[in-house]
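As structure tokens, the structure follows; a few thoughts come after it.
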Amino acid sequence: MTPMKKTTSLNVTTPSEREILMTRVFDAPRELVFEAHSKPELIRRWLLGPDGWSMPVCEVDFRVGGKYRYVWRCERETTPGCAPGMEMGMGGVYQEIVVPERIVATEKFDQAWYQGEALCTLVLLEKGGRTTLQQSMLYESRAVRDAVLKSGMESGVEASYDRLAKILAS
Amino acid sequence: MIATLSALSEPNRLRIVDLLRDGPRPVGEIVERLRLQQPQVSKHLRVLGEAGLVAVRPDAQRRIYALRPEPLQELDAWLEPYRRLWEGNYRRLDALLGELKTTQTRPPKPARTPRKR
Chain A
1 MTPMKKTTSL
11 NVTTPSEREI
21 LMTRVFDAPR
31 ELVFEAHSKP
41 ELIRRWLLGP
51 DGWSMPVCEV
61 DFRVGGKYRY
71 VWRCERETTP
81 GCAPGMEMGM
91 GGVYQEIVVP
101 ERIVATEKFD
111 QAWYQGEALC
121 TLVLLEKGGR
131 TTLQQSMLYE
141 SRAVRDAVLK
151 SGMESGVEAS
161 YDRLAKILAS
Chain Y
171 MIATLSALSE
181 PNRLRIVDLL
191 RDGPRPVGEI
201 VERLRLQQPQ
211 VSKHLRVLGE
221 AGLVAVRPDA
231 QRRIYALRPE
241 PLQELDAWLE
251 PYRRLWEGNY
261 RRLDALLGEL
271 KTTQTRPPKP
281 ARTPRKR
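Listed in order, the protein sequences are those of chains A and Y.
Just so you know, we're using the working numbering here: the first sequence kicks off at 1 and counts up by one.
Just so you know, we're using the working numbering here: the second sequence kicks off at 171 and counts up by one.
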């Protein structure tokens, strides 16, 4: 397989029928990447989804058995499916925490637009001051996984074989 | 879509697709390059063909296999919105980490005891 040239690009793969795996390299030590995933004041600065959404609620009880809760609000209409004032909430329970390398947590949306809970595993690997992030989401079934993948915002982007090659080459 | 994902979920079939990205090839060359058995390669090519991922054309005594981009483009289009959503998040995370790097110093490694000379 050809190695990727651009280390900052995001890889999305489906390693098994019920799973989504995202891989991304960050130019920072993993302690910082870990903090950005565990401190609410940092989480709410990047985990916002599409343009136009804010994160008014970001509560994190960062310990095994502790809960977290996120709520996003659509502030201005930028994409189909985003009506100003509309809110979307989710939360879960931390299952496993290994500072600064691993966080396992359940994830469930308020609106129950997919069945059951997802199990999310974050793994951080550091090499030469750069951190490789692996975020996997394991869903209850293939149908649920596929629904989640399809749920992203409306795509007007032209399909490109090159981009796909990167996904497959991962 | 499911046919595409299933066809690609076998490691050797993915290797065949990867090889064909560089251009069409006869079966013999695929066998040679990937060091697989001929019947095994033929079986994989049949599955890939059924999923619409490869097309075959005869060339004298040989059968030349080529990649068909359509199912791959469809798969890419399917993953694109999800990837785009997270690319936005991670670009913001890049900026935040840059900021944290300048305001925070890394916790010092446990100090080594200086060697006595």
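Glycine included, each C-beta is placed from N, C-alpha and C at the ideal position.
Contacts of residue i in chain A (Cβ-Cβ under 9 Å)
i        : result
Y/Asn259 : Trp46, Leu47, Leu48, Gly49
Y/Arg262 : Arg45, Trp46, Leu47, Leu48
Y/Leu218 : Here the premise fails: no neighbours, minimum Cβ distance about 13 Å.
Y/Leu270 : Ala28, Leu32, Glu35, Ala36, Leu42
Residue i: contacting residues in chain Y (beta-carbon distance under 9 Å)
i        : result
A/Thr177 : This structure does not reach residue 177 of chain A, given that chain A is present from 1 up to 170, and the question cannot be answered.
A/Phe109 : Within 9 Å Cβ-Cβ: nothing; A/Phe109 doesn't reach chain Y, min ~14 Å.
A/Val33  : Leu263, Leu267
Anticipated Cβ contact below 8 Å, residue i with residue j, distance rounded
i        : j        : result
Y/Glu257 : A/Leu10  : 5 Å
A/Gly65  : A/Tyr94  : 7 Å
A/Val104 : A/Thr121 : 5 Å
Y/Ala247 : Y/Leu218 : Rounded, the Cβ-Cβ distance is 20 Å, inconsistent with contact.
A/Leu124 : A/Leu138 : Rounded, the Cβ-Cβ distance is 18 Å, inconsistent with contact.
A/Gly49  : Y/Asn259 : 7 Å
Y/Pro196 : Y/Arg233 : 6 Å
Cross-chain neighbours of residue i in chain Y, by beta carbon under 7 Å
i        : result
A/His22  : Looking at the sequence shown, residue 22 of chain A is not His but Met. Chain Y residues near A/Met22: Trp256.
A/Leu149 : Trp248, Leu249, Tyr252
Where residue i sits in the DSSP three-state scheme
i        : result
Y/Thr273 : helix
A/Phe62  : coil
A/Val98  : strand
A/Leu10  : coil
A/Ala143 : helix
Y/Ala173 : helix
Y/Val187 : helix
Residues that residue i contacts on chain A, provided the C-beta gap is smaller than 7 Å
i        : result
Y/Arg253 : Leu10, Val12
Amino acids of chain Y, ordered along the chain, whose beta-carbon sits closer than 8 Å to that of residue i
i        : result
A/Leu125 : Chain Y residues near A/Leu125: none, gap ~15 Å exceeds 8 Å.
Under 8 Å from the C-beta of residue i: neighbouring residues of chain D
i        : result
Y/Leu189 : No chain D is part of this structure, whose protein chains are labelled A and Y.
### Task
Determine, using beta-carbon pairs with one atom in the stretch 17–35 of chain A and one in the stretch 123–131 of chain A, whether at least three such pairs fall under 8 Å.
yes
### Secondary structure, beta strand (DSSP E): runs of 3+ residues fully inside the stretch 192–270 of chain Y
224–229, 232–237
### Task
Decide yes or no for the touch test of the stretch 217–227 of chain Y against the stretch 177–189 of chain Y: beta carbon pairs closer than 8 Å, at least 3 of them.
yes
#### Entry: Stretch pair the stretch 11–22 of chain A + the stretch 60–77 of chain A: three plus CB contacts closer than 8 Å
The stretch 11–22 of chain A is not in contact with the stretch 60–77 of chain A.
### Task
Please specify which runs of the alpha helix (DSSP H), each continuous and at least 4 residues long, are wholly inside the stretch 18–56 of chain A, giving them in chain order.
30–38, 40–46
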